[in-house]
Amino acid sequence: MEILNLYGLVGALVIGTVLGLTGGGGSILTVPVLVYLLSVNPVTATAYSLFIVGSTALVGAIRNAQKGMIEYKVGIVFAIPSFISVFLTRKIIVPAIPKVIFTLDSFILTKDMVVMIFFAVIMLAAAISMIRERKEIVLKKDVQFNYPLIIIEGLVVGVLTGLVGAGGGFLIIPALVLFANLPMKKAVATSLMIIAIKSLIGFLGDIGNIEIAWGFLLTFAGLSMIGIVLGIYLNNFIDGKKLKKGFGWFVLAMAIYILLKELI
């Protein structure tokens, strides 16, 4: 095995471990690991990321379901518009984007560049979400779920997931707390169910559009699933909140690196 591939497969284990430790964020590294360590085409990498993120989140969701932590009603309301929009994005919108979008003299803006630049912007937003100190939200008693906002948020997150292959936990969790009045722990648990459903259904939209290396993909996803089990176990001994903030700074540095690499 080439050392580059070894780094990539270790990255798969790290992605799952961080997801298990912090409840989110690890999946944001999937596309950079696939593109820069394993030389996967960016558009293909976003498709692979949907499968990897979805299957890894599914492991976490099953564990949370066993603990009774998932709020199924609000999760389904969020997930349905989300998986519809992510499926349509992968099936129709992404294939419709031309390979060369813009040219100016010697500068050529390609589809791959746009995918990575947009992904870096999402990484910046995720990093800021992880770094900043969140104020504790006081939950109100007897508050009705804001279904219209939950549905709109689901549609938006689905499109973003379809475009860049990220789970979108940094958008889902605050929405569940604010619009569905869920406690933070239940919001994190429910978000894993949503991420699993929309990501795996979104991946179905890619079947037939790209050539899938199933052996490689299943190996990478398997290591990430092992990682999330390890992360959930280590969460008993490590302060996930402090780790998440430090990881946020790492994601910020990665986002800046991607922007510089793609634009310069």
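Residues in the sequence shown are numbered consecutively from 3, following my numbering.
Don't be surprised by glycine CBs; every beta carbon is placed ideally from N, CA and C.
Across which residues does DSSP place Val102 in a beta bridge pair? Numbered from 1 along the sequence shown, position 100 holds the residue referred to as residue 102. DSSP lists Thr112 as partners of Val102.
Do Phe80 and Phe205 count as a contact pair if the criterion is CB distance below 7 angstroms? Here residue 205 is taken as the residue at index 203 of the sequence shown, counted from 1. Here residue 80 is taken as the residue at index 78 of the sequence shown, counted from 1. Taking 7 angstroms as the Cβ cut-off, Phe205 and Phe80 do not qualify as a contacting pair.
Contact between the stretch 30-45 and the stretch 191-200 is defined here as three or more beta-carbon pairs at a separation below 8 angstroms; is this criterion met? no
Within a Cβ cutoff of 6 angstroms, which residues of the same chain sit near Ile199, ignoring the five residues on either side of it in sequence? Counting from one through the sequence shown, the residue named residue 199 turns up at place 197. Taken in chain order, the residues that qualify are Ala81, Phe85.
Alpha-carbon to alpha-carbon, Leu111 and Ile266: Residue mapping note: residue 266 aligns to position 264 of the sequence shown, counting from 1. Residue mapping note: residue 111 aligns to position 109 of the sequence shown, counting from 1. Going by the C-alpha atoms only, they are around 12 angstroms apart.
Identify whether Ile197 lies in helix, strand or coil by the three-state DSSP scheme. Within the sequence shown, residue 197 is the residue found at index 195, counting from 1. It is helical.
What number of angstroms, rounded off, separates the C-alpha of Thr19 from the C-alpha of Ser108? Working through the sequence shown from its first residue, we reach residue 19 at position 17. Working through the sequence shown from its first residue, we reach residue 108 at position 106. For Thr19 and Ser108, the distance between alpha carbons rounds to 42 angstroms.
Keeping to the same chain, check which residues put their C-beta closer than 6 angstroms to that of Ser51; ignore five residues upstream and five downstream. Taking the first residue of the sequence shown as 1, we reach residue 51 at position 49. Correct list, in chain order: Thr32, Val33, Gly167.
So Thr91 packs on Leu165, CB below 8 angstroms; how close in whole Å? Here residue 91 is taken as the residue at index 89 of the sequence shown, counted from 1. Here residue 165 is taken as the residue at index 163 of the sequence shown, counted from 1. Confirmed, about 6 angstroms.
If contacts are defined as beta-carbon pairs under 8 angstroms, then Phe172 and Ala122 qualify, I think. What distance do you get, rounded to the angstrom? Taking the sequence shown and counting its residues from 1, one reaches residue 172 at position 170. Taking the sequence shown and counting its residues from 1, one reaches residue 122 at position 120. Not really, about 15 angstroms apart at Cβ, beyond 8 angstroms.
Comparing C-alpha positions only, which one of Gly22, Val55, Leu220, Leu180 sits nearest to Pro150? Reading the sequence shown from its first residue, position 148 is the one you call residue 150. Taking only the C-alpha atoms, the option nearest Pro150 is Leu180.
Going by DSSP, name the residue or residues bridged to Ile212. Position 210 of the sequence shown, counted from the first residue, corresponds to residue 212. Beta-bridge pairing links Ile212 to Ile209.
Would you identify the three-state DSSP class for Gly248, choosing helix, strand or coil? Taking the sequence shown and counting its residues from 1, the one referred to as residue 248 is at position 246. In this structure, Gly248 counts as helix in the three-state DSSP scheme.
Taking its Cβ as the centre, do 16 or more other Cβ atoms sit within 10 Å of Asp208, making it buried, or is it exposed? Numbered from 1 along the sequence shown, position 206 holds the residue referred to as residue 208. Looking at its Cβ environment, which holds 16 or more other Cβ atoms inside 10 Å, Asp208 is buried.
What do you get for Ile124, buried or exposed, if any count of 16 or more other CB atoms within 10 angstroms of its CB means buried? Here residue 124 is taken as the residue at index 122 of the sequence shown, counted from 1. Buried: at least 16 other Cβ atoms inside 10 Å.
Confirm, please, whether the CB-CB distance from Leu225 to Ile11 is below 7 angstroms. Position 9 of the sequence shown holds residue 11. Position 223 of the sequence shown holds residue 225. Note on residue identity: the sequence assigns Leu, not Ile, to residue 11. The answer is yes: Cβ separation under 7 angstroms.
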